[in-house]
Amino acid sequence: AQSVTQLGSHVSVSEGALVLLRCNYSSSVPPYLFWYVQYPNQGLQLLLKYTSAATLVKGINGFEAEFKKSETSFHLTKPSAHMSDAAEYFCALRNTGNQFYFGTGTSLTVIP
Amino acid sequence: SQTIHQWPATLVQPVGSPLSLECTVEGTSNPNLYWYRQAAGRGLQLLFYSVGIGQISSEVPQNLSASRPQDRQFILSSKKLLLSDSGFYLCALRRASGGTDTQYFGPGTRLTVL
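Put into structure tokens, the structure is as follows:
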């Protein structure tokens with residue numbers, strides 16, 4: 001069975017501090033993994049994706065994520081938080097089928 | 001590149017009334033299309049997906065239905081809305097991009113059932 005777990009439904013960081021949003025997955029086959037960002041009352045925007053080409057994936061807005069098979073993790077990081085990073089973040093998984101499996105989301109608050 | 005339109009952007013409906021939400025896409029043909037619902041403070045729930053005209057797969061039994069009358073049109077409907085149908089409805093398409101199929105989302109429709 002495939003699933004995605006996001007640890008921490010709410011994360012708060014100070015402006016300029018490191019952002020770390022956690023995602024663990026469960027998959028019976030090598031997965032494709034994604035991070036999306038959602039601003040209020042908008043659709044989801046793709047931040048980055050892992051396709052097995054490289055374990056460290058760089059995305060838009062300075063975000064990156066590292067695929068760690070041994071830990072079944074795909075955590076999202078950004079070295080320095082900006083106020084505009086405040087949003088909801090979703091981790092997602094796709095295997096070989098038609099479906100995508102989404103985590104329940106992590107709301108990021110950036111404190112000035 | 002493809003564009004996803006959703007109409008309307010917001011909707012307030014009384015309990016028991018019908019519903020029709022529309023999703024249309026541009027810039028691609030024969031897309032796989034998806035309807036998700038996002039309830040307040042919760043993640044995404046896959047409702048339906050479609051791999052082609054007239055082909056609908058339902059993921060969650062409920063009072064909602066979906067139809068795909070045209071290649072680039074995906075409609076979400078209900079005959080009688082429930083309070084629990086309130087939420088943010090997102091249409092998405094699946095497209096091959098950069099080594100894997102990726103989902104791209106429309107702007108969403110905010111539905112409030114009173």
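Line by line, the protein sequences give chains A and B.
In this text, residue positions in the first sequence follow my numbering: the first is 1, and each later residue adds one.
In this text, residue positions in the second sequence follow my numbering: the first is 1, and each later residue adds one.
Backbone N, C-alpha and C define an ideal beta-carbon position, used for all residues, glycine too.
Shortest alpha-carbon distance to B:L64 belongs to which of B:T10, B:G106 and B:K80?
-> For the purposes of this step, residue 64 of chain B is taken as residue 64 along the second sequence, with counting starting at 1. Ranking the options by Cα distance to B:L64, first place goes to B:K80.
Under 8 Å from the C-beta of B:D101: neighbouring residues of chain A | For the purposes of this step, residue 101 of chain B is taken as residue 101 along the second sequence, with counting starting at 1. Proximity of chain A to B:D101 at the Cβ level (cut-off 8 Å) is accounted for by Y32 and R94, in chain order.
Contact check, B:T102 vs A:K49, beta carbons under 8 Å = Looking up residue 102 of chain B in the second sequence gives position 102. Looking up residue 49 of chain A in the first sequence gives position 49. Contact check for B:T102 against A:K49 passes: the beta carbons are separated by less than 8 Å.
With DSSP run on the structure shown, which of helix, strand or coil describes B:I56?
-> Here residue 56 of chain B corresponds to residue number 56 of the second sequence, with the count starting at 1. Secondary structure of B:I56 (DSSP, three-state): strand.
Anything in the segment 10–37 of chain A with a Cβ closer than 8 Å to a Cβ of chain B? List those residues in chain order, please.
-> Answer in chain order: Y32, F34 and Y36.
Terminal residues of the continuous beta strand (DSSP E) containing B:D101?
-> Here the question's residue 101 of chain B lines up with position 101 in the second sequence. Annotation for B:D101: the continuous beta strand (DSSP E) segment containing it runs T100 to F105.
Can you find a C-beta in chain B that's less than 8 Å from the C-beta of A:F90?
-> Here residue 90 of chain A refers to the residue found at position 90 when the first sequence is read from its first residue. For A:F90, the answer is yes, since a Cβ of chain B falls inside 8 Å of its Cβ.
Taking just the CA atoms, how far does A:L18 sit from B:Q62?
-> Residue mapping note: residue 62 of chain B aligns to position 62 of the second sequence, counting from 1. Residue mapping note: residue 18 of chain A aligns to position 18 of the first sequence, counting from 1. When rounded, the distance between both Cα atoms is 42 Å.
Please report how far the alpha carbon of B:S67 lies from the alpha carbon of A:S14, in whole angstroms.
-> Taking the first residue of the second sequence as position 1, residue 67 of chain B is located at position 67. Taking the first residue of the first sequence as position 1, residue 14 of chain A is located at position 14. Cα to Cα, B:S67 sits roughly 46 Å from A:S14.
Cα separation between A:F67 and A:L56?
-> For the purposes of this step, residue 67 of chain A is taken as the residue at position 67 of the first sequence. For the purposes of this step, residue 56 of chain A is taken as the residue at position 56 of the first sequence. Distance between the alpha carbons of A:F67 and A:L56: 6 Å.
Specify, as a first and last residue, the run of the beta strand (DSSP E) that B:P69 falls within.
-> Stepping through the second sequence from its first residue, residue 69 of chain B is reached at position 69. Per DSSP, B:P69 belongs to the beta strand (DSSP E) from L64 to Q70.
Could you pull out every residue in the same chain whose Cβ sits closer than 8 Å to the Cβ of A:A92, ignoring the five residues on either side in sequence?
-> Position 92 of the first sequence, counted from the start, is the residue given in the question as residue 92 of chain A. Listed in chain order, the non-local C-beta contacts of A:A92 below 8 Å within the same chain comprise V4, L33, F34, W35, Y36, F100, Y101, F102 and G103, local neighbours out to five positions each way being set aside.
9 Å Cβ cut-off: residues of chain A touching B:L46 | Mapped onto the second sequence, residue 46 of chain B falls at position 46. Result: Q99, F100, Y101 and F102.
Does any residue of chain A bring its CB to less than 8 Å from the CB of B:L64?
-> Working through the second sequence from its first residue, we reach residue 64 of chain B at position 64. It does not; no Cβ of chain A falls within 8 Å.
Is it right to say A:I60 is buried, meaning 16 or more other beta carbons lie within 10 angstroms of its own, or is it exposed?
-> Here residue 60 of chain A corresponds to residue number 60 of the first sequence, with the count starting at 1. Classification for A:I60: exposed.
Quick check: the segment 72–87 of chain B against the segment 2–21 of chain B, are there 3 or more CB pairs under 8 Å?
-> Yes, they touch.
Is the Cβ of A:K49 closer than 8 Å to any Cβ of chain B?
-> For the purposes of this step, residue 49 of chain A is taken as the residue at position 49 of the first sequence. So, interface residue.
Measuring CB to CB, does A:T106 end up less than 8 Å from A:G8?
-> For the purposes of this step, residue 106 of chain A is identified with residue 106 of the first sequence, where counting begins at 1. For the purposes of this step, residue 8 of chain A is identified with residue 8 of the first sequence, where counting begins at 1. Contact flag set, yes.
Are any of the Cβ atoms in chain A nearer than 8 Å to that of B:F105?
-> Counted from its first residue, the second sequence places residue 105 of chain B at position 105. By the rule that beta-carbons nearer than 8 Å mark a contact, B:F105 touches chain A.
What are the start and end residues of the beta strand (DSSP E) that includes B:Q73?
-> Here residue 73 of chain B refers to the residue found at position 73 of the second sequence. From DSSP, the beta strand (DSSP E) with B:Q73 extends over Q73 to S78.
Check B:G16 in the structure and name its three-state DSSP category.
-> By one-based count along the second sequence, residue 16 of chain B stands at place 16. In the displayed model, B:G16 falls within coil according to three-state DSSP, outside both helix and strand.
Nearest to A:L21 by alpha carbon, out of A:E88, A:T96, A:P112 and A:I111?
-> The sequence position of residue 21 of chain A within the first sequence is 21, counting from 1. Sorting A:E88, A:T96, A:P112 and A:I111 by C-alpha distance to the C-alpha of A:L21 places A:E88 at the top.
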